[in-house]
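Numbers 141 to 488, taken from our numbering, label the letters of the sequence shown in order.
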Amino acid sequence: MLTKRGNGLSRRDFIRIAGGTLATLGLSGALTPKLARALEKAAAGRPKVVWIHFASDTGCTESFIKSDHPSAGELVLDILSVDYHESIMAAAGKQADEVLAKAVAGKDYICVVEGGIPTVPGHGMIGGREMLDIAKEVCGNAKAVVAIGSCAVDGGVPAAKPNPSGIKGVGDALGMTVVNLPCCPVNPEWLVGTVVYVLTMGKLPELDKKGRPLMFYGRKIHDNCPRRTHYDGGRFVEQFGSKEEAAGYCLYKMGCKGPEAWSECPKTRWNSKESWCIEIGSPCLGCSENNWTDHFGPFYGKLADIALPYGDVTADKIGIGLAVVTGAAIAGHAVLKAVKGKGEDEKK
Ligand code: SF4
Ligand code: F3S
C-alpha cells in the first residue's frame with residue numbers, strides 16, 4: 141500500500157486546485173470557492189482508487205505523474221487513497237497480490253485501468269492469473285471504471301493488426317459500461333478532471349456514444365485548430381523543412397487527422413499546457429479515436445474522403461501559398477458546411 145500522509149492540504153491549496161480544475165473543465169472561475177468546498181469535503185473521505193495495468197507501456201502513468209492541477213502527489217497522497225498501483229507502490233510479488241485482494245474486498249473503490257486486455261488464454265498473465273480474470277474481478281467489484289489511454293479504451297497499439305493475443309479494450313472485453321479516456325497517452329488533466337468531477341458532483345460526466353466525457357472529447361481538433369485559417373485559405377505544408385512549414389501552414393497534406401479526431405487537445409494542451417502536437421509541427425495522428433493505428437495509418441498519409449476547401453481537385457491545383465481564388469469563399473463555405481455536417485453525423 142502507498143504511504144499515506146493524510147489530508148495535509150490547506151484551504152488555500154483546495155482553492156488553487158479548484159481554480160486549475162475549473163479551467164480544465166471549461167467552467168467559470170467564479171465557481172472556484174464552491175468547487176473548493178466540495179473537493180475538500182470529498183477529500184475528507186479519501187475516496188479509494190485501485191489502478192491496474194494490463195497490456196501497455198505504462199505511458200499513461202508517466203503522463204499522470206506530470207499532472208499539476210492538482211499534482212499527482214496531491215491527488216495520490218492527500219485527496220485520494222490509492223490502495224493499489226503497481227508502478228508506484230513499494231509492494232511486489234505476493235505482497236502486492238495481498239494488497240490487491242484486500243483493496244478489492246471492500247467493493248468501494250473507483251477502478252482505473254491502464255492497458256488493453258489479452259483475451260487469448262496464456263497471452264497475458266500476472267502472478268499465474270489471466271489478465272482477463274483479474275480484470276473481471278477488479279472491475280466487476282468497482283463503483284465505477286475509468287479506462288485510460290487508447291490501450292484500455294480499445295486495445296490501442298498492442299491491438300493493432302494482426303493482434304494475435306486478441307487484445308481488447310476494457311468495456312469490450314468485459315461487456316460493461318466504462319468511462320473511456322482515449323489518447324496515447326491519456327491527457328493527465330482529463331483524468332484528473334474526470335476524477336474531480338465524480339468526487340464533487342457524485343455522478344459521471346456526460347459521455348458520448350464511445351463513452352468519452354463530452355467536456356474533453358466534444359469538439360473536433362480541426363474546429364479549434366490555430367492553423368484552421370490556413371486550411372480554409374488553401375495554404376498547406378507539402379514538405380517538412382519547407383518555408384510553408386516554417387510559416388505554420390495547415391498540416392492536412394502531411395497526414396493530419398484533425399478533421400476526424402474529437403478531443404480538446406488544442407485547449408487543454410500537454411506538459412502543463414506548454415504545447416501540443418500540431419503547435420510543435422506534427423500532424424495530429426488521431427489517437428483520440430478508436431482503432432487509430434490501423435484506421436489512420438500510415439501516420440503521414442493524407443486522410444481520404446475529406447473535402448478540402450474549394451473541393452479536393454481545386455485545392456491541390458491551388459498549390460502552396462495561393463489563398464484566394466474567384467468564388468472560393470462561397471464554395472469553401474459550402475464545403476466546410478458539408479464537412480461539419482459529416483462530423484455531426486459521426487458524433488451522433
Ligand atoms: Fe489543423 Fe490539421 Fe485541420 Fe490543418 S487539417 S487545420 S493542421 S487540424
Ligand atoms: Fe492525439 Fe491528435 Fe491530440 S495525435 S494527442 S488527438 S493532437
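Backbone N, C-alpha and C fix where the C-beta goes; we use that ideal spot for every residue, glycine too. Just so we're clear, the structure is a prediction, and the values are computed from it rather than from any experiment.
Query                                                                                                                            : Result
Proximal residues to residue 423 (C-beta, below 6 angstroms), its chain only, five neighbours per side dropped                   : 391, 394, 395 and 396
Limits of the unbroken alpha helix (DSSP H) element including residue 188                                                        : First-last for residue 188: 188-193, but that is the beta strand (DSSP E), not the alpha helix (DSSP H).
Nonlocal neighbours in the same chain, by C-beta distance under 6 angstroms from residue 216, ignoring five residues either side : 222
Residue 420 CB to nearest heavy atom of the ligand SF4 below 7 angstroms                                                         : no
Residue 321 - containing beta strand (DSSP E), residue span                                                                      : 319-321
Contact the region 338-349 vs the region 169-186: 3+ CB pairs below 8 angstroms                                                  : yes
Residue 462 versus residue 376: straight-line alpha-carbon distance, rounded                                                     : Summary for residue 462: the model assigns pLDDT 41, below 50, so the residue's position carries little reliability, and this model does not support an answer.
Residue 329, enclosing alpha helix (DSSP H) - first and last residue                                                             : 328-341
Cβ-Cβ separation, residue 251 to residue 190 (assumed contact under 8 angstroms), whole Å                                        : 5 angstroms
Through-space distance from residue 364 to residue 154, alpha-carbon basis                                                       : 31 angstroms
Neighbouring residues (CB closer than 6 angstroms to any heavy atom of the ligand SF4)                                           : 361, 362, 365, 367, 368, 371, 390, 391, 392, 396, 398, 399, 418 and 424
Proximity of residue 194 and residue 264 at Cβ, strictly below 8 angstroms                                                       : yes
Distance cut-off 7 angstroms: residue 292 Cβ against heavy atoms of the ligand F3S                                               : no
Residues that residue 308 bridges to, as DSSP identifies them                                                                    : 257
beta-carbon residue 300 near the ligand F3S non-hydrogen atom, thresh 7 angstroms                                                : no
Euclidean distance between Cα positions of residue 366 and residue 235                                                           : 50 angstroms
Coil, strand or helix - residue 149 by DSSP                                                                                      : coil
Integer-rounded CB distance, given that residue 354 should sit under 8 angstroms from residue 319                                : 11 angstroms between Cβ atoms; not a contact.
Residue 380 burial status per 10 Å Cβ neighbour count (16 or more: buried)                                                       : exposed
Any non-hydrogen atom of the ligand F3S closer than 7 angstroms to residue 426 Cβ                                                : yes
Any non-hydrogen atom of the ligand F3S closer than 7 angstroms to residue 200 Cβ                                                : no
Three-state secondary structure (DSSP) of residue 371                                                                            : helix
Beta-carbon proximity of residue 279 to residue 255, cut-off 8 angstroms                                                         : no
Contact test: residue 279 Cβ vs the ligand F3S heavy atom, cutoff 7 angstroms                                                    : no
Closer than 7 angstroms: residue 251 CB and nearest the ligand F3S heavy atom                                                    : no
Range of the contiguous beta strand (DSSP E) that encloses residue 223                                                           : 221-225
The ligand F3S heavy atom lying under 7 angstroms from the CB of residue 416                                                     : yes
C-beta neighbour in chain B for residue 365, strict 8 angstroms                                                                  : Of the chains in the structure shown, none is chain B; there is only one protein chain.
Burial state of residue 349, where buried means 16 or more other Cβ atoms lie within 10 Å                                        : exposed
Length of the line joining the Cα atoms of residue 442 and residue 151                                                           : 51 angstroms
Sub-8 angstroms separation of residue 164 and residue 289 beta-carbons                                                           : no
Among 156, 295, 404 and 300, the one whose alpha carbon lies nearest that of residue 310                                         : 295
Candidates 149, 437, 156 and 161, of which the one nearest residue 301 by Cα                                                     : 437
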